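Residue numbers (this note's numbering): 10 to 504.
Just so you know, even glycine gets a beta-carbon here, dropped at the ideal spot from N, CA and C.
Fair warning: this is a prediction, and the values are worked out from it, not measured in the lab.
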Amino acid sequence: MFIAAATITIFIIFCFLDIITSPKYPSGPTRVPLLGNFLEIQKLKNKLGFYHLVWDKLAKCYGQVYSVKFGPIETVVVSGYDAVREVLSKDDFDGQADGFFFRTRAFYKKLGIVFVDGPMWTEQRKFCMRHLQKLGFCGDVMEKIVIEEVNDLVLDITRKYENGKSIEVRGLFEVSVLNGLWAMLAGGRFSLNDSRLARVVELIHESLRILDMPGGILNQWPFIRYLAPKLSRNKHLKQIINELYILLKESVEEHKCSENDQEDFISAFLMDIEKNKKSLGSFSEEQLVVILLDLFLAGSETTSITLSSVILHLLMNQDIQTKVRAELDAVIGDREILPSDRKRLNYLEAVFMEVQRHSNVVPLAIATNRTIRKTTLQDYIIPKDTLVLASIWSVHMDEQHWGDPEVFRPERFLDSKGKIINDSWLMPFGVGKRRCLGEKLAKTYIFMFIAKLIQHFEIRIPTDIQLPDKPQNGVNISQTPVSVFFIPRRCLKAN
């Protein structure tokens, strides 16, 4: 009897301690013992469709800095320009989430470059920046690779038009973007219809669709993979990751066995592994494979979705498509487009900026922040090891700053003389030390692909097709599939 009473008392005390917070900690919705706010958040997500809309609704109730609890995980959600910028720029928030999912994807270790922090992150980022620049990641080599991919895609689209085929917009750029990344990182290139590359695209797409930003239910309750394996989707996720790792490891082994001196990222990393054999540095083959996975996941999906979003906005706003084409005709004419032309095409650049603001492909900062020490945020005290979700969406859709955030209007980024306005409220690549490593590459891809397609084609909607008004959820927000016609302009002129 005494043991039962003591057990109940301890459980009640535990439940009480599980739901109370410090008066100086951000407030938030009422918590349920053990579950935290999980049920309420899922209910809101099912109703609203997207997590960033859930965070926005709760911010209207509890302010721009509030707290929620994902099962046992303490989390602070941050909205608004000032708070988001502080979180992304302040060293106290520079830790990264370290849960079950993040370890599962990295051989059950803390590896890679996106979800790591501390000295390891510093060393690996310096290596990546140094060698990617050395290999031409931001120069002539990159431009040559992008131009080759763009020209191949134009030829492929032309062939499909001649065969009377419409083209699905969402998947149009995925293989080309990934192929370009593969050329820079692994030194090889595939044809656009290569089955291996198509499989990598499919695996990346699947992995990002089944996750949310906090890492999914597996991070909150790792044991659920035993109690409810189908609900956790752990087996499916592991299959995806393992298949990706097999493909990446094959490329690493090919480089190790090659007698030719290859100038690519994998070769450079393998050389550093040899140099650091006797030290306890962060260079290993496992680290190389996880970095490759990080770069492919972070780089290919977001860029291809942004490109698809540009096409859909041009379809929904035919007047804007006409203005873009008129600018291209006036500035470029029929000659080949080069990456250096971007600075001369201000209206097209404004369209890209507005797509990034309006579409919000990455609604939350792509790396989930964690406090590395007890710190302050505005008037609140945030304990060490608290997860912090920064809502980029809230900044891009702020009504007081933008006036009409729901309206797609590229002119908001142009002054009275047609020059670009660089607004600090636009942050699709993040801010601070963790600003996207591949920003320049992504911007070059977006410019070259769209400029080339508009120069060569007129994009039209089939008469029986209705454009989607709802995107799809995941780590990134992607567009619902829709097929369109790319009509070569030479055919229109001939008629």
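For this session: Measure the beta-carbon distance from LEU190 to ASP165 and round it to whole angstroms, keeping in mind my assumption that it falls under 8 Å.
Result: Actually they do not touch by this definition, with Cβ atoms about 18 Å apart.
For this session: Check the DSSP bridge columns for SER400 and list the partner residues they point to.
Result: LEU373
Exercise. In whole angstroms, what is the alpha-carbon distance linking ASP149 and SER349?
Worked result: 11 Å
Exercise. When we look at the beta-carbon of THR331 and count the other beta-carbons within 10 Å, is it buried (16 or more) or exposed?
Worked result: exposed
Exercise. What residue does the alpha helix (DSSP H) around GLU283 start on, and which one ends it?
Worked result: 274 to 284
Problem set entry | Reference LEU256; option with closest CA among THR113, PHE456, LEU302 | LEU302
Exercise. Do the segment 83 to 99 and the segment 429 to 441 make contact, defined as three or more Cβ pairs closer than 8 Å?
Worked result: yes
Exercise. If we call anything under 8 Å between Cβ atoms a contact, is PHE199 one with SER313?
Worked result: no
Exercise. For GLN51, which three-state DSSP category applies?
Worked result: helix
Exercise. To the nearest whole angstrom, what separates the beta carbons of VAL299 and LEU120, a pair I think is in contact under 8 Å?
Worked result: 4 Å
Exercise. Mind checking LYS33: buried by the 16 CB within 10 Å criterion, or exposed?
Worked result: exposed
Exercise. Can you name the residues that DSSP bridges to PRO497?
Worked result: PHE466
For this session: Give a single yes or no on whether LYS174 has its beta carbon closer than 7 Å to a heavy atom of the ligand PLP.
Result: Questions concerning the ligand PLP fall outside what the structure shown contains, since it holds no ligand whatsoever.
Exercise. Per DSSP, VAL319 is paired with what?
Worked result: Bridge partners of VAL319: none, in fact.
For this session: Could you check if CYS137 is buried or exposed, using at least 16 other CB atoms within 10 Å of its CB as the buried criterion?
Result: buried
Exercise. With respect to the beta strand (DSSP E) encompassing ILE122, which residues constitute its N-terminal and C-terminal limits?
Worked result: ILE122 -> no beta strand (DSSP E), and no H or E assigned at all.
For this session: Please report how far the alpha carbon of HIS586 lies from the alpha carbon of GLN365, in whole angstroms.
Result: With the chain covering 10 to 504 only, the question about residue 586 has no answer from this structure.
For this session: Drop a sphere of 10 angstroms on the beta-carbon of LYS265, count the other beta-carbons inside from all chains shown, and report buried for 16 or more, exposed for fewer.
Result: exposed
Exercise. Is ALA374 near ILE401, with beta carbons less than 8 Å apart?
Worked result: yes
For this session: Assuming MET457 and ILE156 form a contact by the criterion Cβ under 8 Å, report the distance between their Cβ atoms to the nearest whole angstrom.
Result: 7 Å
Problem set entry | Buried or exposed (CB count within 10 angstroms, at least 16 for buried), ALA399 | buried
For this session: Out of GLU158, ASP101, ILE249, state which residue places its alpha-carbon closest to the alpha-carbon of LEU306.
Result: ILE249
Exercise. Alpha carbon to alpha carbon, how far is PRO81 from VAL416?
Worked result: 39 Å
Problem set entry | Given ILE470 as reference, the closest of LYS461, PRO490, ILE459 once Cα atoms are compared | PRO490
Exercise. Which term fits LEU240, buried or exposed, when burial requires 16 or more other beta carbons within 10 angstroms of its beta carbon?
Worked result: exposed
Problem set entry | CB-CB length for ASN46 against PRO35, believed under 8 Å | 13 Å between Cβ atoms; not a contact.
For this session: Enumerate in chain order the residues of its own chain whose CB-to-CB distance from ASP107 is below 8 Å, with the five nearest sequence positions on each side excluded.
Result: LYS119, PHE124, ARG379
For this session: Can you tell me the Cβ-Cβ gap for SER403 and ASP65, rounded? I've got them flagged as a contact below 8 Å.
Result: 6 Å
Problem set entry | Same chain, Cβ closer than 7 Å to VAL41, five either side skipped, listed in chain order | LEU48
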